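In this note's numbering, the protein residues as written are 502 to 979.
So this is what it looks like as structure tokens:
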């Protein structure tokens with residue numbers, strides 16, 4: 502791969518020579534490379550097929566748990582070393598240029614680890630990567646934070662870093678702009694690695710905690726960007742939808758829910774999950790479903806355990822639709838807004854559609870003042886934890902593709918049984934999958950029947966504990 506014009510540079514020869522002369526610098530950089538590998542391992546799942554472009558001697562792929570790994574590099578000597586040092590593993594290394602490399606089977610994850618600085622045409626490379634992607638592929642980019650350029654130059658004569666060829670030193674905004682120009686959408690961006698070497702006690706504190714704190718998070722040595730293939734302009738083929746309605750002491754809302762839930766996609770399935778009610782909700786569900794003559798397919802069941810997440814999980818397990826959505830039986834978030842969720846998922850704008858009650862004016866009794874303050878607090882806290890803006894974390898209406906939900910269940914196994922409500926399970930799982938989370942504004946209405954099942958202080962304490970749990974599992978991950 503050669504640069505052309507006045508900045509022509511033979512990168513192939515440069516990296517061939519580097520393959521035989523970088524042992525000292527590589528040893529001194531072991532701590533930094535381990536930190537990058539831990540970062541990638543947090544995002545890439547063990548059942549994924551991964552491409553690393555500019556793989557060098559293959560150390561990063563070797564450290565990431567994956568189903569199959571392919572590394573490509575323009576340097577024959579780098580690829581030879583990668584094959585020798587990683588023999589016998591589920592890894593394949595090839596001499597190839599990212600600008601033209603192609604395989605019939607797309608990749609689940611594509612990694613460009615400090616490669617963009619050496620590409621002669623970054624825009625063309627980003628554009629070409631679409632041919633190696635499917636709609637759930639994630640692109641992971643690391644690049645040098647330009648604030649660290651003086652340190653990089655000082656490290657070269659000390660032997661900590663090899664002499665650098667002419668490079669494209671791009672800011673975060675430069676990279677985001679190029680990604681958007683080529684049809685990639687940024688899921689989130691950050692800087693990582695505040696201490697790029699191994700120092701007992703010091704580097705874990707700096708790299709796990711400090712670099713992810715507000716203001717300090719602009720000073721990490723490595724820019725880190727996660728992107729996905731951009732949204733489609735047209736709604737994909739018509740999808741079926743399963744609407745799960747958890748219902749505890751909601752007898753007076755069952756018929757209204759049946760009447761008001763709209764047709765979504767090619768077929769709409771409504772699943773009532775009765776949750777240990779003390780009124781006649783179960784009898785009402787049975788009676789209303791038996792008498793129903795409308796367009797929806799109906800199912801109803803009693804939840805096996807307790808708590809909203811137990812009810813949602815039980816309903817989703819019975820669902821047949823391509824899309825899964827929760828509609829609270831109190832109907833304070835109107836079912837008439839569900840088509841907005843469907844459209845956002847169906848046209849690719851969102852991969853997890855999260856209801857937001859805090860945009861439009863609320864009816865006078867829809868949310869008590871302390872509840873409103875609590876929702877705003879948790880929205881700010883969760884946005885920090887998830888690294889994506891979420892204005893209302895506790896709205897009951899949420900939609901996700903069934904296939905993504907199955908992946909999400911596997912991903913949140915590491916979190917254990919921590920969330921009795923389900924909102925955080927779904928949000929944390931979506932974040933761990935690097936799904937694009939989008940807020941969908943809904944108009945929040947007064948209750949017309951019954952009382953809220955939420956206890957402000959008891960449940961608020963549970964939510965606070967879950968937020969702190971997520972802080973260490975998602976934001977301050979190892």
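C-beta: ideal position from N, C-alpha, C; glycine also. For clarity, every value in this text was computed on a predicted model and none was experimentally measured.
> Which one or two residues does DSSP pair with residue 641 in a beta bridge?
Replying inline: For this step, residue 641 is matched to residue 140 along the chain shown. Partner(s): 612, 727.
> Per DSSP, what kind of secondary structure is residue 565 in: helix, strand or coil?
Replying inline: As a working mapping, residue 565 is identified with position 64 in the chain shown. Note: residue 565 maps to coil in three-state DSSP.
> Does the region 902 to 911 come within contact of the region 816 to 827, defined as at least 3 CB pairs closer than 8 Å?
Replying inline: yes
> So residue 694 packs on residue 668, CB below 8 Å; how close in whole Å?
Replying inline: Within the chain shown, residue 694 is the residue found at index 193, counting from 1. Within the chain shown, residue 668 is the residue found at index 167, counting from 1. Not quite, the Cβ-Cβ distance comes to about 18 Å (not below 8 Å), so this is no contact.
> Which residues does DSSP pair with residue 689 in a beta bridge?
Replying inline: By 1-based counting over the chain shown, the position of residue 689 is 188. BP columns for residue 689 point to 727.
> What is the DSSP secondary structure of residue 751, counted as helix, strand or coil?
Replying inline: One-based indexing of the chain shown puts residue 751 at position 250. Looking at residue 751 - three-state DSSP - the assignment turns out to be coil, as it is neither helix nor strand.
>> Residues in the same chain with beta-carbon distance under 7 Å from residue 517, minus the five sequence neighbours each way, listed in chain order, please.
In response: Numbered from its first residue, the chain shown carries residue 517 at position 16. Hits under 7 Å: 576, 577, 578.
> Per DSSP, residue 775 is paired with what?
Replying inline: Walking along the chain shown from the start, residue 775 turns up at place 274. Note: residue 775 sits in a beta bridge opposite 748, 803.
> Which value, in whole angstroms, describes the spacing of the CA atoms of residue 566 and residue 935?
Replying inline: Position 65 of the chain shown, counting from 1, holds the residue named residue 566. Position 434 of the chain shown, counting from 1, holds the residue named residue 935. So the two alpha carbons sit approximately 17 Å from each other.
> Which same chain residues, not among the five before or five after residue 618, have their C-beta less than 6 Å away from its C-beta?
Replying inline: As a first step, residue 618 must be located in the chain shown, where it is residue number 117. Taken in chain order, the residues that qualify are 668, 669.
>> Taking a contact to mean a Cβ-Cβ separation below 9 Å, would you say residue 606 touches residue 550 in this structure?
In response: If you number the chain shown from 1, residue 606 lands on position 105. If you number the chain shown from 1, residue 550 lands on position 49. Their beta carbons are under 9 Å apart, which means residue 606 touches residue 550 by this criterion.
>> Between residue 792 and residue 773, how many whole angstroms is the CB-CB distance? I'm expecting something under 8 Å.
In response: The residue given as residue 792 occupies position 291 in the chain shown. The residue given as residue 773 occupies position 272 in the chain shown. Not confirmed; about 14 Å, so no contact.
> Going by beta carbon distance, what residues of the same chain come within less than 6 Å of residue 859, once the five residues before and after it are set aside?
Replying inline: Here the question's residue 859 lines up with position 358 in the chain shown. If we look at residue 859 and ignore the five residues flanking it on each side, its Cβ neighbours are 892, 893.
>> By alpha-carbon positions, which one of 558, 730, 914 ends up nearest to residue 851?
In response: The sequence position of residue 851 within the chain shown is 350, counting from 1. Answer by Cα proximity: 730.
>> Threshold first: 4 residues or longer. Then list the alpha helix (DSSP H) segments lying entirely within the region 830 to 862, N to C.
In response: 839 to 847
> How would you write the range of the alpha helix (DSSP H) that residue 651 sits in, first residue to last?
Replying inline: The sequence position of residue 651 within the chain shown is 150, counting from 1. First-last of the alpha helix (DSSP H) with residue 651: 650 to 656.
> What is the C-beta distance between residue 632 and residue 603, in whole angstroms, given that I count them as a contact (C-beta under 8 Å)?
Replying inline: As a position in the chain shown, residue 632 is number 131, starting the count at 1. As a position in the chain shown, residue 603 is number 102, starting the count at 1. Their Cβ separation, rounded to whole angstroms, is 6 Å, which keeps residue 632 and residue 603 in contact under 8 Å.
> Rounded to a whole number of angstroms, what is the C-alpha to C-alpha distance between residue 531 and residue 561?
Replying inline: By one-based count along the chain shown, residue 531 stands at place 30. By one-based count along the chain shown, residue 561 stands at place 60. Whole-angstrom Cα-Cα distance: 11 Å.
> Do three or more CB pairs link the region 921 to 928 to the region 840 to 850 at distances below 8 Å?
Replying inline: no
> Taking the alpha carbon of residue 696 as the point to measure from, which residue in 708, 831, 687, 537 has its own alpha carbon closest?
Replying inline: Reading the chain shown from its first residue, position 195 is the one you call residue 696. Closest by alpha carbon: 708.
> For residue 477, which three-state DSSP category applies?
Replying inline: Since the first residue of the chain shown is 502 and the last is 979, residue 477 is not available in this structure.
> residue 856 and residue 896 look like a contact to me (Cβ under 8 Å); what is the Cβ gap, rounded to whole Å?
Replying inline: Stepping through the chain shown from its first residue, residue 856 is reached at position 355. Stepping through the chain shown from its first residue, residue 896 is reached at position 395. At roughly 4 Å, the Cβ-Cβ gap stays under 8 Å, so residue 856 and residue 896 are in contact.
>> Please classify residue 508 as buried or exposed, where buried requires at least 16 other C-beta atoms within 10 Å of its C-beta.
In response: Position 7 of the chain shown, counted from the start, is the residue given in the question as residue 508. For residue 508, the pLDDT reaches just 43, beneath the cut-off of 50, and the residue's location in the model is therefore unreliable, although a value from the coordinates is still provided. Residue 508 should be labelled exposed.
> How many angstroms separate the CA atom of residue 624 from the CA atom of residue 608?
Replying inline: Here residue 624 corresponds to residue number 123 of the chain shown, with the count starting at 1. Here residue 608 corresponds to residue number 107 of the chain shown, with the count starting at 1. C-alpha separation (whole angstroms): 20 Å.
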